[in-house]
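Colleague: Dropping the structure in here first, questions after.
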């Protein structure tokens, strides 16, 4: 379920970011490009979440 929610929020935020940036730069908004970026960002976020150690569990006995 965490994979779904990670993709869901990443997809929404990347679409919003792509729309705002394209509007600010004066180029056309491209849904496909923003979707590809969302998938890439989701994969990177999930990999980063697995690689970074969980330090909260170290201090508890």
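Residue numbers (this note's numbering): 2 to 62.
All C-beta atoms, glycine included, are put in the ideal place defined by N, C-alpha and C.
Small disclaimer: the values here were computed from a predicted structure and weren't measured.
1) Could you check what DSSP says for residue 15 in three-state terms: helix, strand or coil?
2) How big is the Cα-Cα spacing for residue 17 and residue 44?
3) If you follow the alpha helix (DSSP H) that residue 34 is in, where does it begin and where does it stop?
4) Hey, is residue 35's beta-carbon within less than 9 Å of any beta-carbon in chain B?
5) So for residue 28, helix, strand or coil by DSSP?
Modeller: If we stick to the structure as given:
1) For the purposes of this step, residue 15 is taken as the residue at position 14 of the chain shown. The DSSP-derived three-state label of residue 15 is helix.
2) Counting from one through the chain shown, the residue named residue 17 turns up at place 16. Counting from one through the chain shown, the residue named residue 44 turns up at place 43. When the Cα atoms are used, residue 17 and residue 44 turn out to be separated by approximately 19 Å.
3) Position 33 of the chain shown, counted from the start, is the residue given in the question as residue 34. 32 to 52 is the extent of the alpha helix (DSSP H) around residue 34.
4) Absence of chain B from the displayed structure is noted, only one protein chain being present.
5) Taking the chain shown and counting its residues from 1, the one referred to as residue 28 is at position 27. The answer is coil: DSSP assigns residue 28 none of H, G, I, E or B.
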